[in-house]
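Sequences listed follow chains A and B, in order.
Heads up: the first sequence begins at 1 in the numbering used here, then just goes up one per residue.
Heads up: the second sequence begins at 1001 in the numbering used here, then just goes up one per residue.
Glycine included, C-beta positions come from ideal geometry on N, C-alpha and C.
Structure first, then comments.
There are 2 protein chains.
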Amino acid sequence: MSTPLHISISQRLRHQIEAGEYRSGDRLPSEHQLMETFSVSRITARQAVANLVSQGLAIAYRGKGVFVTPQKKVTYSLSSPLVFLEQDMIRQGVAFSFENLEFERTVPPDDVAIELGLLAEGNVYLQKKLLCMDGVAGAIDLSYLNAKFGDPLASQLQHQMTFPTLAQNGIPVEHVDAIIECTHADYEMSTYLEVPLGHPLMVYRYTAHTTGQQPVLHGATVSRADRFCYSLSTRSGQ
Amino acid sequence: MSTPLHISISQRLRHQIEAGEYRSGDRLPSEHQLMETFSVSRITARQAVANLVSQGLAIAYRGKGVFVTPQKKVTYSLSSPLVFLEQDMIRQGVAFSFENLEFERTVPPDDVAIELGLLAEGNVYLQKKLLCMDGVAGAIDLSYLNAKFGDPLASQLQHQMTFPTLAQNGIPVEHVDAIIECTHADYEMSTYLEVPLGHPLMVYRYTAHTTGQQPVLHGATVSRADRFCYSLSTRSGQ
DNA sequence: ACACACAACTTGTTATAACAAGTTAACCTA
DNA sequence: TAGGTTAACTTGTTATAACAAGTTGTGTGT
């Protein structure tokens, strides 16, 4: 059972990257150069490059070439005391910005209504924001804010992130329940976040509660796995 | 700018999966059937299938066919009180087992020595375990236990997981510092965990402390993103 | 010196073809 | 009927070829 050519080639290139022969941002050999260097067909060279892309080591741009990807991640702390994401970024020397993709007052999906404890008549503010680090798309945040809290804040929410807006307006976030998982970029996400189809994404699915255990905000931050990680500290609780 | 054929086909199939026309474990049409149904070349049909595989919706076996993957995950709780992974699985009706891949008393890598606060002479027990859920590989746990604690426990560690072994022997884990991230399966991990190259993996990188803030165990659990997720609860800490 | 057009280069899509490795079903023989 | 062999089927690898979409470099004209 011999190793497929495309695996051999991609592992050779991977070792070169890891050895520092190619640094973040460097351009890898073109398909044609790989064909010549390794005496293989173009489809084999392409598959080798695809292996690197699928492992997050490189990114390909049509007409430009294939480039080594940076391996630097921003760490978001989930430990007490709760810190806002933007602050964590600033602390790590990363410029944070966001762009509103969607903002509307609407009827929530059933699962959201349940999570927010809304009765049949409850409305929410649906917000979809593209979060950028150093000007580069890093995450999508899709959230639903109970309209009871959101109605006086509609204008502010379009200019700043939800957590700090709530805090500044006397609605403290006292605790957050969350799930963290990994998933694959589907076609839509691959477009927004500029990653290949199937690329790993971290999903931080959260429900934020204010005083009296009242759920106020439910959402999910879907981030590029090569841009984000989460840190936390847990106690045994005895 | 029209949608590539391979994307159209894979999205059609994706909708069929999501609509329940194909259920977990069902076999998708063969490449030849797709070629006929959609009047495309084999390479286009293959790319469409590859898109589904890369998005975690299907898995391909040479000679057998392509099958819809289950979408059920085990949730590991990181909230207080700290619960052992095996217990969380049992609570969710999942049979847990593991297999020792490596077990040795050795000199730790520099980063591990730093994390465990070991001086120049300190040794560790390196353990590499393949963790299985319902008999299927779900994760690899690679950990380094300070030999000061591990020396009397060497035999037990090979038969049960490290956390409960410590607890049963009067070495309580009082708190755990951790990082959670997502990464891509490299060639070795793709083999162990039976996932395609580049498949998303969750990495839970932990340092467990016993009494007096003493680090005792440092390691990483690398799990299939389609098998595991983590839940937690955080407070604002005021 | 600057702007535009075109050639050369690069990656993306799709086609046809052949061989390899693995699985399953069908057929034949004892 | 059971077991072994082979054909049919299925996915994996690799090759050649052509066209499409995008980028960069070069040459020409103002």
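Considering only C-alpha positions, which residue in the set Gly117/A, Gln11/A, Gln55/A, Glu102/A is nearest to Leu131/A?
-> Of the listed residues, the one whose Cα sits closest to Leu131/A is Glu102/A.
Does any residue of chain B bring its CB to less than 8 angstroms from the CB of Asp134/A?
-> Answer no: the Cβ-Cβ gap between Asp134/A and chain B never drops below 8 angstroms.
DSSP state of Gly135/A, grouped into three classes?
-> The answer is coil: DSSP assigns Gly135/A none of H, G, I, E or B.
Straight-line Cα distance separating Leu13/A from Gln238/A = With a pLDDT of only 47 at Gln238/A, under the threshold of 50, the placement of this residue in the model should not be trusted; the figure read from the coordinates follows. Computed Cα separation, rounded: 50 angstroms.
Exposure label - Tyr61/A; buried when at least 16 CB within 10 Å | Answer is exposed; the Cβ neighbour count stays below 16.
Tyr192/A - DSSP class collapsed to helix/strand/coil = Here DSSP, grouped into helix, strand and coil, assigns Tyr192/A to helix.
Unbroken stretches of the alpha helix (DSSP H), 4 residues or longer, contained in the stretch 29-63 of chain A = Runs of the alpha helix (DSSP H) inside the stretch 29-63 of chain A: 31-38, 42-54.
Report buried or exposed for Glu121/A, applying the criterion of at least 16 other Cβ atoms within 10 angstroms of its Cβ.
-> So Glu121/A counts as exposed.
Got a sec: which bits of the stretch 164-198 of chain A sit with their beta carbon under 7 angstroms from any beta carbon on chain B, in order along the chain?
-> Legend: CB atoms of the stretch 164-198 of chain A lying less than 7 angstroms from CB atoms of chain B belong to residues Pro172, Val173, Glu174, His175, Val176, Asp177, Ala178, Ile179, Ile180, Glu181, Cys182, Thr183, His184, Asp186, Tyr187, Leu197, Gly198.
Does the distance from the C-beta atom of Pro1215/B to that of Gly1117/B stay below 8 angstroms?
-> Yes, the pair counts as a contact, with Cβ atoms nearer than the cut-off.
Are the beta-carbon atoms of Arg227/A and Lys73/A separated by less than 8 angstroms?
-> Result yes, Cβ atoms of Arg227/A and Lys73/A sit closer than 8 angstroms.
Identify, in the order they occur along the chain, each residue of the same chain with its Cβ nearer than 8 angstroms to the Cβ of Thr1211/B, setting aside the five sequence neighbours on each side.
-> Pro1172, Glu1174.
State buried or exposed for Gln1071/B, treating a residue as buried only when at least 16 other CB atoms are found within 10 Å of its CB.
-> Result: exposed.
With which residues is Phe1228/B paired in a DSSP beta bridge?
-> Per DSSP, Val1074/B.
Integer Cβ distance of Ser985/B from Pro1196/B, believed to fall under 8 angstroms | In the structure as shown, chain B starts at 1001 and stops at 1238, and residue 985/B therefore has no counterpart that could be examined.
Give a yes or no on whether 8 angstroms exceeds the smallest Cβ distance from Ala1048/B to chain A.
-> Judged by the 8 angstroms Cβ criterion, Ala1048/B is not in contact with chain A.
Three-state class that DSSP yields for Glu121/A in the structure shown = Glu121/A: coil per DSSP, three-state reduction.
Return the CA-CA distance between Gly25/A and Arg1042/B, expressed in angstroms with no decimal places.
-> Straight through space, the alpha carbons of Arg1042/B and Gly25/A are spaced by roughly 35 angstroms.
Residues from the stretch 1143-1165 of chain B in contact with chain A, defined by Cβ distance under 9 angstroms | Close to chain A, meaning a Cβ-Cβ distance shorter than 9 angstroms, is no residue of the stretch 1143-1165 of chain B at all.
In chain A, what lies closer than 8 angstroms to Gln1011/B by C-beta?
-> Proximity of chain A to Gln1011/B at the Cβ level (cut-off 8 angstroms) is accounted for by Tyr187, in chain order.
Residue range of the unbroken alpha helix (DSSP H) whose run includes Val1112/B = From DSSP, the alpha helix (DSSP H) with Val1112/B extends over 1110-1116.
Note down, in chain order, each residue of its chain lying with its Cβ closer than 7 angstroms to the Cβ of Thr183/A, except the 5 sequence neighbours on either side.
-> Beyond the five residues adjoining it in sequence on each side, Thr183/A comes within less than 7 angstroms, by CB distance, of Leu201, Val203 in the same chain, given in chain order.
For the stretch 1155-1199 of chain B, list the alpha helix (DSSP H) runs that are entirely contained and at least 4 residues long, ordered along the chain.
-> For the stretch 1155-1199 of chain B, whole alpha helix (DSSP H) runs of length 4 or above, ordered along the chain, are 1162-1168, 1187-1192.
Could you name the residues that DSSP lists as bridge partners for Asp141/A?
-> DSSP lists Lys129/A, Thr221/A as partners of Asp141/A.
Nearest-angstrom Cα distance between Asn146/A and Ala1225/B?
-> So the two alpha carbons sit approximately 31 angstroms from each other.
Classification of Pro4/A by the beta-carbon crowding that lies within 10 angstroms, buried from 16 upward | When all chains shown are included, Pro4/A counts as exposed.
Residue-chain proximity (Pro200/A, chain B), Cβ-Cβ < 8 angstroms = Chain B contact via Cβ: present.
Over what stretch of residues does the alpha helix (DSSP H) that includes Phe1149/B continue unbroken?
-> If you look at Phe1149/B, you'll find it in the alpha helix (DSSP H) that goes 1147-1150.
For the alpha helix (DSSP H) that contains Arg242/A, what are its first and last residues?
-> Examination of residue 242/A is not possible in this model, given that chain A is present from 1 through 238 alone.
Gly1065/B, DSSP secondary structure in three states | DSSP places Gly1065/B in strand when its eight states are reduced to three.
Looking at the C-beta of Gly56/A, does it have a partner C-beta in chain B at a distance below 8 angstroms?
-> Using beta-carbon distances, Gly56/A counts as an interface residue toward chain B, with a partner under 8 angstroms.
Look at Tyr144/A and Val112/A and say whether their C-beta atoms are less than 8 angstroms apart.
-> Yes, the pair counts as a contact, with Cβ atoms nearer than the cut-off.
So, Met1133/B versus Val1094/B, is the Cβ gap smaller than 8 angstroms?
-> A contact, by the Cβ cut-off of 8 angstroms.
Beta-carbon gap between Phe1098/B and Ile1090/B smaller than 8 angstroms | Against a cut-off of 8 angstroms, the Cβ pair of Ile1090/B and Phe1098/B comes out as no contact.
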